[in-house]
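Below is one structure, written out as structure tokens, with a few remarks after it.
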Amino acid sequence: MINTASSPIDKIMDALFIPYKKRVGDVDKIVSAMVQNHLIENEHEIVNDHIAFRTLGVPHLGIASFEKIFLHHGYKRMEAYHFPEKKLDAHWYAPPQERLPRIFISELRVQDLSPGAQEIISKYTSEVAADPVDQLDLNNLNEVGDFFYRPLWALPTLSDYNMLLEESEYAAWVIYNRYYLNHYTISVHELPGEHASLENFNTFLESIGIVLNSAGGKVKMSDDGLLKQSSSVAHMVEAEFANGAKTMIAGSYVEFAERLPLPEFQNIPKKQLSREQRREGFEAANADKIFESTYTGQTLKN
Numbered sequence: 001m002i003n004t005a006s007s008p009i010d011k012i013m014d015a016l017f018i019p020y021k022k023r024v025g026d027v028d029k030i031v032s033a034m035v036q037n038h039l040i041e042n043e044h045e046i047v048n049d050h051i052a053f054r055t056l057g058v059p060h061l062g063i064a065s066f067e068k069i070f071l072h073h074g075y076k077r078m079e080a081y082h083f084p085e086k087k088l089d090a091h092w093y094a095p096p097q098e099r100l101p102r103i104f105i106s107e108l109r110v111q112d113l114s115p116g117a118q119e120i121i122s123k124y125t126s127e128v129a130a131d132p133v134d135q136l137d138l139n140n141l142n143e144v145g146d147f148f149y150r151p152l153w154a155l156p157t158l159s160d161y162n163m164l165l166e167e168s169e170y171a172a173w174v175i176y177n178r179y180y181l182n183h184y185t186i187s188v189h190e191l192p193g194e195h196a197s198l199e200n201f202n203t204f205l206e207s208i209g210i211v212l213n214s215a216g217g218k219v220k221m222s223d224d225g226l227l228k229q230s231s232s233v234a235h236m237v238e239a240e241f242a243n244g245a246k247t248m249i250a251g252s253y254v255e256f257a258e259r260l261p262l263p264e265f266q267n268i269p270k271k272q273l274s275r276e277q278r279r280e281g282f283e284a285a286n287a288d289k290i291f292e293s294t295y296t297g298q299t300l301k302n
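Per this note's numbering, the sequence shown starts with residue 1, numbered consecutively.
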């Protein structure tokens, strides 16, 4: 959500969120329904659990480049995650202040793709001859904000996009969208009453017409039962490719997370619980299915 605070990270979050909100119609739809049903008074009350980005593991790009922005502004790199079937690696990053969202950055292991897919990706990313983040003044917040939506390589052709789509829907998404914000996440456990349960909140979402990602079940649960996640299905948006070709492609989406108290804190009243007393981090099995919110198997339902 758009934050009224004015720290450097808040300004970066606004630069990310304002274009994302314009593109992802489900954001306003969900927020409006939450206000109408008295779950919140306004969007500023929503606690953003985390935001997520997708990157390509090629020279000068990927996690090693992109994370520099957030490390510079006080985030701390935490656990790594691996997704063998999807050929992805990821890290999450803890914020410098509890009120700020966590960050999740994933990276495609391009070297694990077929030679044909690698060739297509290289055709575009080889234009990046040096780490673009190193060229930024990371204290210039306007420059950093613009970077997330700045073209880093030429607009792909529709045929190249479609060829990547057949092998890796993640690769196709990134080759077109680059560092566009993939999703933000509503902290369901911060909501009042019965809606603090993800199962109940999902029922609310579906009652207002939100289509949920059903890969692995609508509620994805960690092995310890303390992290529950759901997500909307990305809507298709019109995209223009090289030579003016147009088609509908998957946009971004919204995630929903419920972090339950750790066993030793389960008897503490909800309003007294701190972030550190709830389940922290992420779960690879959950995230594996959340990725599919932009995959054809889900988007065809929207």
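For glycine and all other residues, C-beta sits at the position ideal for the given N, C-alpha and C.
- A distance below 7 Å between beta-carbons, with the five flanking residues on each side excluded, links residue 95 to the following residues of its chain, in chain order: 75, 101 and 102.
- Judged by DSSP in its simplified three-state form, residue 266 adopts coil rather than helix or strand.
- Taking the Cα positions, residue 181 is about 23 Å away from residue 167.
- Inside the segment 2 to 27, DSSP marks whole alpha helix (DSSP H) runs of 4 or more residues at positions 8 to 23, from first to last along the chain.
- In the structure shown, the three-state DSSP call for residue 153 is coil.
- About 17 Å separates the Cβ atoms of residue 164 and residue 234, ruling out a contact at the 8 Å cut-off.
- In the structure shown, residue 56 adopts extended strand secondary structure according to DSSP, grouped into three states.
- Distance from residue 16 to residue 147 at the Cβ level is roughly 10 Å; contact not present, criterion being Cβ atoms closer than 8 Å.
- Between residue 23 and the set 253, 189 and 141, the nearest pair of CA atoms involves 253.
- Of all alpha-carbon atoms in 177, 27 and 184, the one lying nearest the alpha-carbon of residue 290 is that of 184.
- Contact between residue 128 and residue 61 holds: their C-beta atoms lie close to 6 Å from each other, under 8 Å.
- The segment 216 to 301 contains, as complete alpha helix (DSSP H) runs of 4+ residues, the segments 284 to 290 and 296 to 299 (chain order).
- Per DSSP, residue 126 lies in no alpha helix (DSSP H) and is assigned neither H nor E.
- Taking C-alpha positions only, residue 284 is separated from residue 35 by approximately 33 Å.
- Excluding the 5 residues flanking it on each side, residue 98 has same chain C-beta neighbours closer than 6 Å at 275, in chain order.
- The continuous alpha helix (DSSP H) containing residue 175 extends over residues 169 to 177.
- Every beta strand (DSSP E) stretch that sits fully inside the segment 61 to 97 and reaches 3 residues is listed by chain position as 76 to 83 and 88 to 94.
- Between residue 174 and residue 39, the C-beta spacing is not below 8 Å.
- Exposed is the label assigned to residue 150, since fewer than 16 other Cβ atoms lie within 10 Å of its Cβ.
- For residue 108, there is no enclosing alpha helix (DSSP H); the enclosing beta strand (DSSP E) covers residues 102 to 108.
- Secondary structure at residue 187: strand, using DSSP grouped into helix, strand and coil.
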